[in-house]
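Down below is the structure, laid out as structure tokens.
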Amino acid sequence: MTAIDIHRCRFVPFQPSAINAVAFSHPRTRDSKHAAIARLAVGRANGDIEIWNAAAGIWHQELVIRGGKDRSIDGLVWINEPDQDLGEGRILIGKSRLFSIGYTSTVTEWDLETGKPKRHASGQHGDIWCIAAQPALIDERGSSVTDTQGSNKLVAGTIDGELVMYSVEDDDLRFQRILVKSPTKKAQMVSIIFQSRKVVIVGCSDSTIRAYDITKGHMLRRMTLGSDLVGGSKDIIVWSVKCLPNGNIVSGDSTGQVCIWDGKTYTQMQRLQSHKQDVLSLAISADGSTIMSGGMDRRTVLYKQNSGAGQRWGKVWGRRYHEHDVKAMATFEHARISVVVSGGPDSNLVVVPLKEMGRENHRMVSSLPQQPPLISASKARFMVSWWDREIHLWLLQQSASDLTKLNGDSDYDINQNRRLLKTIVVKGDSNISSASINADGTLLVASTSTDVKAFALEHSNPIKPADVTLSSLELPERLTNLGASRVQISPDGSWLCFVQDGSRVVIASITPDSGSHTISTSRHLRRLHRSVPKYILNGGLGSYERNVTHISFSPDSKLLAVADLAGYVDTWVLRVPGDATANGHANGNEDGDASASDSDSSDDDVESTGTSEVGRWVRNPNAKLMPKLPAAPSVLAFSDSVPGQGDTEDYTLAAVTSSWNVVAFNVLQGSLTPWSRRHPRKALPGPVHDLLDLAKGAFWQGPRFWIYGVSFLFMLDMSQDLPAPEKDAGDQLVPGTKRKRTNATSGAGGRMEKEGLKPQQIRKYAANKWEDVDVDGPSLSGENDNDSDDDMIDATDSELTQLRSATAASGTQSGGAEDESGRKKWWITYKYRPVLGVVSFSGQEGLEVALVERPTWDIDMQDSYYTGEEWERR
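First residue of the sequence shown? That's 1 in full-length UniProt numbering, and the numbers climb one at a time after it.
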């Protein structure tokens with residue numbers, strides 16, 4: 001295999017943001033033929049909201065709604081409107097609506113179809129610290145129905161001790177009234193949950209938990225926790241409250257205790273001391289048999305209810321999955337998926353099995369974005385990175401092959417080879433959503449949710465620029481007034497494609513102008529009409545799945561392809577006067593390309609683009625023939641080969657989906673390539689089937705398709721057939737039996753070889769002192785305390801940790817298969833991790849790439865409250 005030159009870089013200033021809130025939408029199905037609709041919303045400290053697909057346990061980051069300056073997401077809540085039976089097996093799924101708070105007096109509803117705020121509402125009250133949605137009214141069949149008193153409500157608690165109500169009926173959001181006013185501002189409302197449709201439970205900062213009747217606006221009961229332990233604060237803060245299905249209340253507070261309260265008498269039933277610091281978050285299983293808590297001491301603790309007399313709760317185990325506070329938790333249970341998702345200042349999502357606790361491993365989902373914030377100007381050797389409102393322009397001064405010749409086989413210091421040329425701070429309050437630079441490094445375009453900005457870059461030496469001069473370019477108002485979620489400059493630098501309002505594809509021409517560039521009036525490219533029933537588009541998340549997530553130009557800039565979350569791929573061809581190749585491939589009906597019958601009903605007017613010499617974009621005549629992807633795409637990339645060069649007769653477009661299907665198209669023919677027809681998902685190498693991480697990006701090297709993710713680099717040679725999968729002897733089935741699924745999990749990590757739940761240390765009081773009773777042999781930690789389960793997991797690796805360690809140890813060795821001549825058919829390595837992104841350059845001897853890692857030890861985090869010392873207040 002011809003090698004590629006790799007720069008291994010770690011100098012990109014990327015700082016993941018803390019997770020402040022997580023919330024699952026309720027899983028819902030259209031009918032028996034459709035999978036459950038479920039999304040996870042993650043709110044971060046920089047104002048970002050991430051939408052993850054959790055229905056199949058693939059944990060695909062589908063959408064990121066960018067935040068901005070001085071913004072923060074501190075609470076998230078979903079409201080699902082009632083379903084409607086339309087008859088004939090059709091069900092109109094009620095709309096799923098997402099709301100957020102950010103420690104201000106405003107509640108925001110988000111439009112997931114456009115990726116922008118839909119509306120704001122505020123009242124005459126203090127900053128909102130907690131919010132909850134009124135549960136739906138359930139009929140005898142278990143379906144949600146509309147209450148005669150109106151739609152569901154949002155109830156929020158404020159820093160001033162006020163309980164306020166917001167109405168969401170008639171697809172609106174408005175402040176309704178203040179339910180309760182605190183006589184003093186001492187009692188800050190910190191946490192909230194509905195016990196029933198009429199009763200809300202509020203955790204406060206003055207050592208109390210209060211029950212309110214929202215219909216009458218008065219307090220039903222005030223539960224008191226008393227004072228903190230000796231040496232602690234006078235008041236106890238109730239950071240989290242949850243309600244069990246039987247109405248009982250669970251609270252977590254600043255003393256590190258989890259308390260169980262009777263839901264009828266509002267009296268305390270039990271206290272569980274399981275944390276060394278504050279309990280910040282709680283999660284409850286759907287059947288009420290399991291409680292999980294997370295705290296400042298980094299621990300996640302599991303509790304189960306005993307079946308004996310009194311049905312007391314007991315701690316089963318505790319683990320440290322996070323490197324910092326466990327600030328937010330949420331559960332998701334549907335079909336075989338049963339997990340708890342948690343997050344905090346360490347910015348990583350941790351997925352822990354719920355029903356299969358002790359039989360499955362946990363899984364850590366990296367905080368690195370699904371779509372890398374990296375691009376390159378291949379000819380100028382520039383690498384551009386962005387995060388929040390800053391853009392950094394880097395220069396890689398020497399090629400990897402030159403550095404290898406200078407340093408031999410020894411590793412070279414990449415810090416000596418890179419140079420920071422410019423740091424651009426984009427004006428405005430919104431964070432950057434996307435950016436692109438042309439191959440010559442002379443034009444840079446960046447977009448936010450509200451604006452699009454372009455910059456001209458001037459440098460005297462395009463090979464090794466000594467300095468770069470920056471100037472802003474004026475853009476047409478049509479380009480800038482709506483912002484863009486994606487921008488992409490074509491390889492030849494003549495076209496700019498961007499996506500507005502989530503699904504609207506726009507193209508603009510770029511022309512050189514006295515050493516600068518002029519971006520002309522844009523044209524809206526119509527996408528193919530898809531036969532999606534209106535009763536589906538009008539319910540659930542609406543047309544959210546039509547959001548365009550990927551843009552790709554062919555290497556000669558004559559083809560454009562986009563893909564959306566539903567798996568539909570749309571393609572257009574550039575028609576240039578006098579270009580026989582382009583016109584020959586796009587010989588369909590010109591008038592039919594723009595006909596209303598082939599366009600989305602939401603499409604508006606179309607403007608012409610540029611002059612006749614520039615050309616214009618028309619829909620690919622065979623675009624309708626391209627099959628729908630089996631799942632949402634995670635990668636979309638054109639091959640670097642074009643028709644007329646070598647044996648290539650058509651453009652090749654490859655896509656990698658979130659379900660790990662690798663699909664290649666002959667675009668002009670609108671069909672799968674012969675290689676793709678011969679290689680379905682089951683024909684891919686075994687290591688690909690074992691990957692939990694999704695593909696983040698890809699690049700081509702002739703027929704070789706290189707795919708990378710956060711923990712792997714993988715190559716497929718599409719000029720060769722892959723070896724047939726080997727069958728294990730254990731796969732032979734006895735006639736009349738069914739194959740048992742051994743790789744099915746509940747949505748977290750892989751299956752454990754043996755159960756991991758171990759008995760805890762039990763303490764007994766004898767001879768005027770406490771002694772530990774070892775119920776499962778000597779302690780592996782070598783210490784005797786009531787937290788031996790934590791010490792055990794810290795002292796000895798869990799099965800998952802051992803597996804990851806073994807993988808990392810073998811990551812320096814590549815795996816793959818060769819043909820008889822020694823040419824690699826496929827190849828994979830785990831040497832590089834965690835990978836933020838990979839960009840390519842025009843190397844002197846073949847392909848040259850820069851691979852950027854962002855190790856967790858290099859990420860700045862605030863100091864943890866937990867010091868690791870024994871809790872003095874005990």
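Idealized CB from N, CA, C, for every residue including glycine.
- As DSSP reads the structure, TYR321 sits in no beta bridge.
- Here DSSP, grouped into helix, strand and coil, assigns ARG177 to strand.
- Here VAL576 carries a coil assignment [DSSP, helix/strand/coil].
- By the beta-carbon neighbour count (other beta carbons within 10 angstroms, threshold 16), ARG319 is buried.
- Listed in chain order, the alpha helix (DSSP H) runs fully inside the stretch 331-366 amount to none, counting runs of at least 4 residues.
- Listed as beta-bridge partners of SER436 by DSSP are VAL445.
- For ASP693, the closest alpha carbon among the candidates VAL22, TRP59, ALA38, ASN53 is that of TRP59.
- DSSP lists LYS153, ARG174 as the bridge partner or partners of SER167.
- Per the coordinates, the alpha-carbon of TYR266 lies some 13 Å from the alpha-carbon of VAL241.
- Under DSSP, ALA561 takes part in a beta bridge, and its partners are SER552, THR571.
- Excluding the 5 residues flanking it on each side, ASN348 has same chain C-beta neighbours closer than 6 Å at MET364, SER367, in chain order.
- For THR224, the uninterrupted beta strand (DSSP E) run begins and ends at 218-224, by DSSP.
- For LEU479, the enclosing alpha helix (DSSP H) begins and ends at 477-480.
- Bridge pairing for ILE391: TRP386, ILE424 [DSSP].
- The alpha-carbon separation between LYS696 and ASP564 amounts to approximately 15 Å.
- Between HIS689 and MET189, the alpha-carbon positions lie close to 48 Å from each other.
- Excluding five sequence positions before and after ASP721, the CB atoms of its chain that fall closer than 8 Å to its own CB belong to TRP675, ARG678, HIS679, LYS825, given in chain order.
- Listed in chain order, the non-local C-beta contacts of GLN701 below 7 Å within the same chain comprise ILE4, LEU847, local neighbours out to five positions each way being set aside.
- When the Cα atoms are used, THR829 and GLY749 turn out to be separated by approximately 20 Å.
- The beta carbon of LEU479 lies closer than 6 Å to those of VAL452, SER522 in the same chain, with the five residues before and after it left out.
- Judged by their CB atoms, TRP386 and ALA439 are not nearer to each other than the 8 Å cut-off.
- In the DSSP assignment, the residues bridged to ARG119 are GLU109.
- Of the residues assessed, LEU112 falls on the buried side of the cut-off, its CB having 16 or more other CB atoms within 10 angstroms.
- Here GLY288 has LEU244, PRO245, ASN246 as same chain residues with Cβ atoms under 7 Å from its own Cβ, once five neighbours each way along the sequence are excluded.
- Put simply, of ALA121, THR208, GLY75 the residue whose alpha carbon is nearest the alpha carbon of GLN176 is ALA121.
- For ARG823, the secondary structure class from DSSP, reduced to helix, strand or coil, is coil.
- Contact between SER105 and ILE73 fails: their C-beta atoms lie close to 15 Å from each other, not under 8 Å.
- Per DSSP, SER676 lies in no beta strand (DSSP E) segment; the continuous alpha helix (DSSP H) that holds it begins and ends at 674-678.
- With fewer than three CB-CB distances shorter than 8 Å, the stretch 390-397 does not count as touching the stretch 349-364.
- Ranking ILE6, MET861, PRO834, VAL835 by CA distance to the CA of SER399 puts ILE6 first.
- Residue GLN371 holds the alpha-carbon nearest to the alpha-carbon of PRO633 among GLN371, LYS216, ALA21.
- In terms of Cα proximity to GLY709, the closest of GLY217, PRO369, VAL180, TRP261 is PRO369.
- Judged by their CB atoms, GLN273 and GLY252 are not nearer to each other than the 8 Å cut-off.
- With a cutoff of 8 Å on beta-carbon distance, VAL64 and GLU50 are scored as near each other.
- When C-beta atoms of the stretch 283-299 are compared with those of the stretch 323-335, three or more pairs fall below 8 Å, so the two segments count as touching.
- Counting along the chain, the unbroken alpha helix (DSSP H) around GLY686 starts and ends at 686-689.
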